[in-house]
Amino acid sequence: MLKIENLAVSYGGIEAVKDISFEVPEGSIVTLIGANGAGKSTTLRTIAGQVKAKAGSITYNGEELLGKNSAEIVKRGITLVPEGRRVFPDLTVLENMKIGAYLRRDDLTEDINWCYELFPRLKERHWQQAGTLSGGEQQMLAVARALMSRPKLIMMDEPSLGLAPIIVKDIFDIIREINRRGVTILLIEQNANMALHTADMGYVLETGSIILSGPGRELLENPAVKAAYLGK
Numbered sequence: 027m028l029k030i031e032n033l034a035v036s037y038g039g040i041e042a043v044k045d046i047s048f049e050v051p052e053g054s055i056v057t058l059i060g061a062n063g064a065g066k067s068t069t070l071r072t073i074a075g076q077v078k079a080k081a082g083s084i085t086y087n088g089e090e091l092l093g094k095n096s097a098e099i100v101k102r103g104i105t106l107v108p109e110g111r112r113v114f115p116d117l118t119v120l121e122n123m124k125i126g127a128y129l130r131r132d133d134l135t136e137d138i139n140w141c142y143e144l145f146p147r148l149k150e151r152h153w154q155q156a157g158t159l160s161g162g163e164q165q166m167l168a169v170a171r172a173l174m175s176r177p178k179l180i181m182m183d184e185p186s187l188g189l190a191p192i193i194v195k196d197i198f199d200i201i202r203e204i205n206r207r208g209v210t211i212l213l214i215e216q217n218a219n220m221a222l223h224t225a226d227m228g229y230v231l232e233t234g235s236i237i238l239s240g241p242g243r244e245l246l247e248n249p250a251v252k253a254a255y256l257g258k
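Using our numbering, read the sequence shown as starting at 27 and increasing by one per residue.
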């Protein structure tokens, strides 16, 4: 579905991503793990059309994405849940969700109801300003807003960051449910344990390069991954 080949991204003279290649098969959950500064967020933002690549190729169902802007990429069925949630604090929950559907011209009722089914707390707070929500509720809203574009592939950047453990479990349960509904997921996570338990395939990034890859459950048993990311 998504194929990254020899992708390189630089900021000034600094190489943030160095010649990486990986694939995201349709219907799968794929995770990128690694320390801060490894190039994970840069990779997602490049796929989303927010950052220009220095070299390489990003193809989606055989179509080259490099050179396309963010709106064109959303139209093709790819959306990004950014790190830090970035909800619009002065708008209501429902208004934030509708912003995720800004390219659509059809009826939104079915998708709004699906989001409320996934996130009952958002339904309870649909007229509440987003800035008054808890961190976990804001993360739920960020995911719901992304789902309103009806993506075929959703990219999530650190969805569990700064959340209490019980909320992290809820977020990962929802990630699995979204995937069961037919949405492919590319996930960045510092919570490597949760990410690898959830993902079909994982890639370990270190200073802009992929140093390990394999099925999520296999990487959980890898001694290098255990030592560096699982605290074992």
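Note that the Cβ used here is the ideal one computed from N, Cα and C, for glycine as well.
Item                                                                                                                 : Value
Neighbourhood of I73 by C-beta distance below 6 Å, restricted to the same chain and skipping five residues each side : I84
Reduced DSSP category for Q165 - H, G, I as helix; E, B as strand; rest coil                                         : helix
Rounded distance between the beta-carbons of G126 and T174, thought under 8 Å                                        : The residue you asked about is not Thr; residue 174 is Met in the sequence shown. Confirmed, about 3 Å.
Residue from I211, V43, G161, E31 whose Cα sits closest to the Cα of G110                                            : G161
Secondary structure of A34, DSSP reduced to three states                                                             : strand
Check whether I11 and P185 have beta carbons under 8 Å apart                                                         : In the structure displayed, the chain extends from 27 to 258; residue 11 sits before or after that span and is not available.
Below-8 Å beta-carbon distance, V194 vs any chain B residue                                                          : The displayed structure is made up of one protein chain only, and chain B is not part of it.
Residue from A156, G63, L91 with nearest C-alpha to Q76                                                              : L91
Distance CB(K66)-CB(I201) smaller than 8 Å                                                                           : no
Rounded straight-line distance, which links the Cα of T68 to that of H20                                             : With the chain covering only 27 through 258, there is no way to say anything about residue 20.
Cβ separation of V56 and A250, assumed to be a contact under 8 Å, to the nearest whole Å                             : In fact, because the Cβ distance is near 19 Å, the residues do not count as touching under 8 Å.
Start and end residues, beta strand (DSSP E) containing S239                                                         : 235-241
For Y229, three-class secondary structure by DSSP                                                                    : strand
Cβ-Cβ distance between V50 and M27 below 8 Å                                                                         : yes
C-alpha gap between L70 and M182, whole angstroms                                                                    : 8 Å
For L179, the residue or residues it bridges with in DSSP                                                            : I104, T210
8 Å Cβ cutoff met for T210 and L245                                                                                  : no
8 Å contact criterion, which G234 and A64 should meet: CB distance rounded                                           : 7 Å
Between the CA atoms of A156 and A254 - distance to the nearest angstrom                                             : 36 Å
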